[in-house]
Amino acid sequence: MKICPFCNEDFDGGMPYCSSCGANIEIIRKTFYVDGFDELHSIVYYNDFFREHLFNYKFGMQKKYLSALAYLYEEELKNIMQNEKIDYITSVPMNTEKLRKKGFDHMGEILKIISKDMGIKIYNYEKLQKRDMHKLSFSERANMKNIFKKSADASGNVLIIDDIITTGTTMKDSARVMKDAGFEKIFGLILCSRR
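If you use full-length UniProt numbering, the sequence shown corresponds to residues 1 to 195, in order.
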């Protein structure tokens, strides 16, 4: 028996969450066209169910969601890897100062699980911008530039993961940094988006 991270009920089965909660996770596999990406996809629809639980994980720092969220990324990554080689995986980083205060990098934790489970090397880069993206207006986010910088030169193909996409600015600047680092192909995988 396992405990579902979404409803806290006991369940049996091979999935990391129960079938009742699974019915609320709507897989949409939406494609986005953002400058700098060879491919950029989202996995699930950002419905009320997912919004609540993503908030609990991201801001409530509830690690009980880790295996379920990593599983969603891994299943979609397997689809991508049928056609493309992924040499490195990375997640959109937090500002170092904010990470020190919060003590929890919600995307970095998922990244470590995916890297270990799938045997893909991690590439790290740095966030320069110190303001919280979720506190900025749509217009402020859309007009941001030079949010990140590379940590080292690299080669091969890279996949960038993030939790949600709104303006695409974060992903666009992440792709710019990956190109600066020397990656040949850049892929993106977003956990959730609106339709």
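Glycine included, every Cβ here is placed at the ideal spot set by N, Cα and C.
Under DSSP, V44 forms a beta bridge with I27 and C192. Ranking Y123, I110, Q129 and T170 by CA distance to the CA of M61 puts I110 first. Looking from the CA of K116, the closest CA among D153, S67 and M1 belongs to S67. A70 sits buried, since 16 or more C-beta atoms from the chains shown fall within 10 Å of its C-beta.
In the assembly as shown, Y125 is a buried residue. Its beta-carbon has 16 or more other beta-carbons within 10 Å.
Excluding residues up to 5 positions away in sequence, T90, S174 and G188 lie with their Cβ nearer than 6 Å to the Cβ of I160 in the same chain. If you check the CB distance, S19 and S193 do not come in under 7 Å.
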